[in-house]
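Enquirer:
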Amino acid sequence: MISSLGHRWRHNRWANILAAVVVLLALVTYVNIVLHRRGVAENQTSARLQSLVLLLNEESSLQWKTLADPSIRARVARDTGAIRGRESQILARLATTMAATTNRELVGLISDYHAVLDEQQDLLIVDNTDQAVNVERSKTDPQLRALSDRITRLASGAASEADKASATANYVLIVAMLLTAVMIGALLRRFDRAHRAAAASAAELLRQERAALQLANENAATIRHQAEHDALTGLANRGLFIERVQQALRAGEPAVMFVDLDDFKRINDSLGHAAGDALLIEVARRLRGSVRDNDTAARLGGDEFAILIEGGGADTAISVAQRIIEALAEPVDTGGTQVLTRGSVGIAVAGPDGDATDLLREADVAMYAAKNRGKGQFVVFDASMQDPVRSRVGLEVDLRRALETDEIHLAYQPIVCLNGGGIVGAEALVRWTHPSQGMLSPAAFLPVAEASGLILPLGRKVLELACAQGVRWLADRPGSDFVISVNLSVHQLQHRGIVEEICAVVSDAGLPPAALMLEITESALVHDGELVASQVERLRALGFGVALDDFGTGYSSITHLQRFRVDQLKIDRSFVAADDGVCEAVLRLAELLGLETVAEGIETAEQARRVRDFGCKYGQGYWFAKPVAPDAFEELLNAPDRMLAA
Numbered sequence: 031m032i033s034s035l036g037h038r039w040r041h042n043r044w045a046n047i048l049a050a051v052v053v054l055l056a057l058v059t060y061v062n063i064v065l066h067r068r069g070v071a072e073n074q075t076s077a078r079l080q081s082l083v084l085l086l087n088e089e090s091s092l093q094w095k096t097l098a099d100p101s102i103r104a105r106v107a108r109d110t111g112a113i114r115g116r117e118s119q120i121l122a123r124l125a126t127t128m129a130a131t132t133n134r135e136l137v138g139l140i141s142d143y144h145a146v147l148d149e150q151q152d153l154l155i156v157d158n159t160d161q162a163v164n165v166e167r168s169k170t171d172p173q174l175r176a177l178s179d180r181i182t183r184l185a186s187g188a189a190s191e192a193d194k195a196s197a198t199a200n201y202v203l204i205v206a207m208l209l210t211a212v213m214i215g216a217l218l219r220r221f222d223r224a225h226r227a228a229a230a231s232a233a234e235l236l237r238q239e240r241a242a243l244q245l246a247n248e249n250a251a252t253i254r255h256q257a258e259h260d261a262l263t264g265l266a267n268r269g270l271f272i273e274r275v276q277q278a279l280r281a282g283e284p285a286v287m288f289v290d291l292d293d294f295k296r297i298n299d300s301l302g303h304a305a306g307d308a309l310l311i312e313v314a315r316r317l318r319g320s321v322r323d324n325d326t327a328a329r330l331g332g333d334e335f336a337i338l339i340e341g342g343g344a345d346t347a348i349s350v351a352q353r354i355i356e357a358l359a360e361p362v363d364t365g366g367t368q369v370l371t372r373g374s375v376g377i378a379v380a381g382p383d384g385d386a387t388d389l390l391r392e393a394d395v396a397m398y399a400a401k402n403r404g405k406g407q408f409v410v411f412d413a414s415m416q417d418p419v420r421s422r423v424g425l426e427v428d429l430r431r432a433l434e435t436d437e438i439h440l441a442y443q444p445i446v447c448l449n450g451g452g453i454v455g456a457e458a459l460v461r462w463t464h465p466s467q468g469m470l471s472p473a474a475f476l477p478v479a480e481a482s483g484l485i486l487p488l489g490r491k492v493l494e495l496a497c498a499q500g501v502r503w504l505a506d507r508p509g510s511d512f513v514i515s516v517n518l519s520v521h522q523l524q525h526r527g528i529v530e531e532i533c534a535v536v537s538d539a540g541l542p543p544a545a546l547m548l549e550i551t552e553s554a555l556v557h558d559g560e561l562v563a564s565q566v567e568r569l570r571a572l573g574f575g576v577a578l579d580d581f582g583t584g585y586s587s588i589t590h591l592q593r594f595r596v597d598q599l600k601i602d603r604s605f606v607a608a609d610d611g612v613c614e615a616v617l618r619l620a621e622l623l624g625l626e627t628v629a630e631g632i633e634t635a636e637q638a639r640r641v642r643d644f645g646c647k648y649g650q651g652y653w654f655a656k657p658v659a660p661d662a663f664e665e666l667l668n669a670p671d672r673m674l675a676a
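If you read the sequence shown in the working numbering, its first letter stands for residue 31, the second for the next number, and so on.
#1: In this structure, how does DSSP classify K600 when only helix, strand and coil are distinguished?
#2: G376 and S81 - do their beta-carbons sit closer together than 9 Å?
#3: Which residue marks the beginning of the beta strand (DSSP E) containing Q443, and which one marks its end?
#4: Comparing C-alpha positions only, which one of S374, S537, Q522 and Y60 sits nearest to V395?
#5: Name the one or two DSSP bridge partners that W503 has.
#6: Given this structure, state the Cα-to-Cα distance separating G455 from W503, to the nearest angstrom.
#7: By Cβ distance below 6 Å, which residues in the same chain neighbour E494 in space, the five residues on each side in sequence not counted?
#8: Taking all protein chains shown into account, decide if T627 is buried (16 or more other Cβ within 10 angstroms of its Cβ) or exposed.
#9: Under the three-state reduction of DSSP, which class applies to S141: helix, strand or coil?
#10: Give me the DSSP bridge partner(s) of F408.
#11: Going by the DSSP bridge assignment, what does H259 pair with across the sheet?
#12: Which value, in whole angstroms, describes the spacing of the CA atoms of V576 and T435?
#13: Between which two residues does the beta strand (DSSP E) containing E457 stretch?
#14: Does the distance from the CB of A432 to the CB of W462 come in under 9 Å?
#15: Using DSSP with H/G/I as helix, E/B as strand and the rest coil, what is D511?
#16: Where H66 and R183 are concerned, what is the direct C-alpha to C-alpha distance, given to the nearest angstrom?
#17: What does Q368 pair with, by DSSP beta-bridge criteria?
#18: When the Cα of L599 is compared with those of A607, Q650, T170 and E117, which residue comes out closest?
#19: Who does T551 pair with in a DSSP beta bridge?
#20: When you compare the region 277-289 with the region 378-390, are there three or more beta-carbon pairs, one atom per stretch, that lie closer than 8 Å?
#21: Our contact map puts A357 next to S320 with C-beta atoms below 8 Å; I'd like the distance itself, whole angstroms only.
#22: Taking the alpha-carbon positions, what's the L57 to I204 distance?
#23: Nearest-angstrom Cα distance between G631 and S519?
#24: Given a cut-off of 9 Å, decide if F288 and G332 are closer than it, judged by their beta-carbon atoms.
#25: Indicate whether the contact test is met: 3 or more Cβ pairs, each with one atom in the region 184-191 and one in the region 75-89, closer than 8 Å.
#26: Of all the options D152, R642 and T326, which has the alpha carbon lying nearest to the alpha carbon of A347?
#27: By how many angstroms is the C-alpha of I601 removed from the C-alpha of R618?
#28: Look at the alpha carbon of G424 and the alpha carbon of F475, and state the distance between them as a whole number of angstroms.
#29: How would you label R134, buried or exposed, when you count the other beta carbons within 10 angstroms and need 16 or more for buried?
#30: Just to confirm my understanding: we take N73, look at its own chain, exclude 5 residues before and 5 after, and list those with CB closer than 8 Å. What are they?
#31: Quick test of your reading: E567 and R595, contact by CB under 8 Å. State the CB separation rounded to the nearest angstrom.
#32: Rounding to the nearest angstrom, what Cα-Cα distance links T126 and D292 in this structure?
#33: Mind checking whether M547 and F574 have CB atoms under 9 Å apart?
#34: Should G115 go down as buried or exposed, given a rule of 16 or more other Cβ atoms within 10 Å for buried?
#35: Quick one: Cα of N200 to Cα of G215, how far?
#36: Taking all protein chains shown into account, decide if D428 is buried (16 or more other Cβ within 10 angstroms of its Cβ) or exposed.
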């Protein structure tokens, strides 16, 4: 019997090998499906944990809003409740993908953290600010950091497990394919030796040639599709879109719509690029569903989309635009987080001599007009819209020229010691003397500089002028602690070479680093936070001072002040002018954190006395002097009795 079985195996061994290959492929397919599902579950766990960290930090930042405005306590309580509800939803979802013990541990840690937050909020409600600050420093912040670290480790572990599952699936697939290739190769060789004849060989060669040709055609089609479509959304890309617009122009007078998502950068910065990509994919899906079959939807880049409407004129384009705005108004789920977004739409209809480039530009101009009118709406292009664009472009051209001439100059506003009245420093403020428009304030040209990228050369010029002037003043006052303050924009801080650039300018001017105070705004702390924190730390390590400007008007929180170490807080003029106790609370907070303070916008002797009595050391504002030219500032330095003590 054994002999009979052996004979049957040898007789059918190639059929058995083929069967084994089929079984192996089926097994590999099953294993890959299991591993990939595991990877997806771990990735979802990681994303939910990251969302949980964001919610915990947002809940922490809410606590101190009642200090600035007691009237919003009820709203803060509601917002806190809403956040905790979202945290509970995330924890419920995590219970389906995390180990039960880990989930229970996480729920316990969060419950403990909520108890401390509630204790701190109770103290704030009864205006026990000092004890609330102590609770923040001794309990809330350490627990938040520990909880954030624990959740971050869990998220990293989940991401790591997802990577391992994916890698394992790939390794299994590679090994199985290699074994399969070996088996199939042996099978084909056996078949070739046993059965191939001249005619069969020729037929096989012909079959292989046809298969190769088909594969080449399929690969060419795939490559062509990839070259003409956006990799993330699958929509047509800019090149294909312009080509189709040109074809439509030859056939008639089409319409083009330019669609730009409103406040997309805020979503990207707060939820991360993965959530931003998920939002873009969903927007692309909704755009496809809002246009007709013969129309073309394209992604031009970033959060910019375009629609080609072939035939129908302005009425059809308006109807499509209305559908798009309604579709984009619906909430979008970006991996467990519901976000709201809107789109601004610009419409341009081609004329008899239309050009694709002009049509796109006109739609772009109309889109910006829609944003200026309040966003979330559409505007049809007309010729009058070109005037603001030409003005903006003209101002940009003039600014480029001004950077190479003497039109850009600085005014200096003194910073005064409130106890003695002497000038201890100056803030350098940029001004532009336009040849035809006269003196322009920063508000007139800084937005143009930021939008065009000229903010970097403009910032360098301001730094060069301020450092050169500071060297002259210090030379006349050897041994003085006089400090020049210069503002750094968000764009400058995001420039990875800014530290080296500042060092080069200061070194060329011969100004000691300690004589330069670099002022940043609170909004800079939430744009590329890790990069900005690194840049600030490097500057402070090199001996430069760093001040947080307009404190209290942006994204203030103790967490930010602890994460982004600065040397000085500049209290915003709105707090200085108000007599509601907020200024005193902010100054005491600065004292607890060991930060030097400057009160901005002091306009009366009473304001100067009040902030001094609250513990503020320095002041700045019209009560002492307006921003003046260097010569006029020199007169103030030489006549310090003009600076009134508080």
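Yeah, the Cβ is synthetic: ideal placement off N, Cα and C, and Gly gets one too.
Owing to the predicted nature of the structure, the values given are computational and were not obtained by experimental measurement.
Expert: Reading it off the structure:
#1: strand
#2: no
#3: I438 to C447
#4: S374
#5: W503 pairs with nothing; no bridge assigned.
#6: 10 Å
#7: V535
#8: buried
#9: helix
#10: V375
#11: A266
#12: 30 Å
#13: I453 to H464
#14: yes
#15: coil
#16: 22 Å
#17: D363
#18: Q650
#19: D579
#20: yes
#21: 5 Å
#22: 13 Å
#23: 20 Å
#24: no
#25: yes
#26: T326
#27: 12 Å
#28: 11 Å
#29: exposed
#30: A188, A189 and A192
#31: 7 Å
#32: 35 Å
#33: yes
#34: exposed
#35: 22 Å
#36: buried
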